[in-house]
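In our numbering, the protein residues as written are 37 to 269.
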Ligand SMILES: *Cc1c(COP(=O)(O)O)cnc(C)c1O
C-alpha cells in the first residue's frame, strides 16, 4: 500500500511530461484514480496522497465504498457500463457518469433525476474502434443521439469517453483517441451540448491520450497495482 503514494507521484510526473510535449499547460488534465477491485483502505491511502477523483465501474461496489468514504469529499466517476435498473443507485453517488451509451439509459437516468429534481452530468461513451466486445455507441450514432438529447431534460452532456482496443498498446492507441477528439469537435456545433471533457487514456495509454487532447484520464493499475478484490456486480 505504501507504493500508492509513489505510484501516484510517478503517474503525475508522466502526465506532466506528456502535457509539456503536447504544448499544453500544467494542470490541464484531471486524474481519475480507478479504484475498482481495491479496498477502502487502499482508497484512503490514495486520498491521503492527494487523489480527488475516484473511478469505479460497478454500481454496487462503488456504492458500498462511497458510503464508507462520504466524508472524504472526493468526486465519484462511474466509468463502467450501466444497466438501466441500476440508474437509481448510480445517481446516489456518481458525480459524473462516463458511460452513457444508449437512449434507453438516457431515458432511465432522466426519469429518475426528474423525480429527484436534479440534473445528471454525463459523458457519451463511443466505441471508436467498433470492436464488438466493447460498450459505447458507434461513431455514426453519436451526432443523431446528441441532436435528440434535449428530450431528456435533466441530462447534461459534458463530453465524450472512449477506450482504445486492447491490442492498440501505448502510442498505437493514438488514432482512436484522435477520432474521439474529432467527434467532439463535430459535436460542439449541437445546441445544448457541452464538450468540456474528453475522457480517454488508461494505465497503458494515457500519454498517447494526452497528446491527442484528453483532459480526463482514468488510471487504475499504475496507481493501485493489480486488482485484488473479487468483482461484484
Ligand atoms: C478499469 C478501467 C480503467 C482503468 O484501467 P487500468 O488499465 O487499470 O488503468 C479505465 N477505464 C475503464 C472504463 C475501466 O473499466
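Note that CB positions come from ideal geometry on N, CA and C, so glycine has one too.
Taking only the alpha-carbon atoms, compute the straight-line gap between residue i and residue j and give it to the nearest angstrom.
i           : j           : result
residue 94  : residue 260 : 17 Å
residue 231 : residue 71  : 26 Å
residue 185 : residue 48  : 35 Å
residue 233 : residue 191 : 15 Å
residue 210 : residue 200 : 8 Å
residue 42  : residue 180 : 44 Å
residue 58  : residue 246 : 7 Å
residue 207 : residue 194 : 26 Å
residue 69  : residue 204 : 22 Å
residue 40  : residue 175 : 36 Å
residue 158 : residue 255 : 19 Å
residue 50  : residue 258 : 11 Å
residue 102 : residue 80  : 11 Å
residue 139 : residue 171 : 14 Å
residue 17  : residue 45  : This structure cannot settle anything about residue 17, because the visible part of the chain is limited to 37 through 269.
residue 243 : residue 237 : 7 Å
residue 52  : residue 112 : 23 Å
residue 61  : residue 146 : 36 Å
residue 156 : residue 92  : 17 Å
residue 268 : residue 100 : Note on residue 268: pLDDT 48, under 50, position unreliable in the model; no value is reported.
residue 75  : residue 104 : 11 Å
residue 123 : residue 150 : 12 Å
residue 77  : residue 225 : 44 Å
residue 65  : residue 249 : 9 Å
Could you tell me if the beta carbon of residue i falls within a distance shorter than 7 Å of some heavy atom in ligand 1?
i           : result
residue 94  : no
residue 226 : no
residue 124 : no
residue 270 : There is simply no residue 270 to check, as the chain begins at 37 and stops at 269 in what is shown.
residue 72  : yes
residue 239 : yes
residue 257 : yes
residue 199 : yes
residue 115 : yes
residue 254 : yes
Is there a Cβ from chain C that is less than 8 Å from the Cβ of residue i?
i          : result
residue 93 : Protein chains in the displayed structure number just one, and chain C is not present.
How close, in whole Å, do the beta carbons of residue i and residue j come, if the pair is a contact with beta carbons under 8 Å?
i           : j           : result
residue 127 : residue 152 : 7 Å
residue 118 : residue 98  : With a Cβ gap of about 11 Å, residue 118 and residue 98 do not count as contacting.
residue 110 : residue 132 : Incorrect: roughly 12 Å between the Cβ atoms, too far for contact.
residue 217 : residue 73  : Rounded, the Cβ-Cβ distance is 29 Å, inconsistent with contact.
residue 178 : residue 141 : Between residue 141 and residue 178 the Cβ distance is about 15 Å, and since that is not below 8 Å, they are no contact.
residue 222 : residue 229 : With a Cβ gap of about 11 Å, residue 222 and residue 229 do not count as contacting.
residue 196 : residue 162 : 6 Å
Taking the alpha-carbon of residue i as reference, which of the options has the nearest alpha-carbon?
i           : options               : result
residue 148 : 109, 188 and 160      : 188
residue 227 : 146, 236, 183 and 124 : 183
residue 154 : 173, 100 and 130      : 130
residue 116 : 251, 212, 198 and 240 : 198
residue 108 : 87, 219 and 92        : 87
residue 135 : 160, 124, 120 and 122 : 160
residue 215 : 166, 61 and 52        : 166
residue 239 : 229, 253 and 249      : 253
residue 173 : 249, 137, 212 and 66  : 137
residue 164 : 96, 67, 235 and 55    : 235
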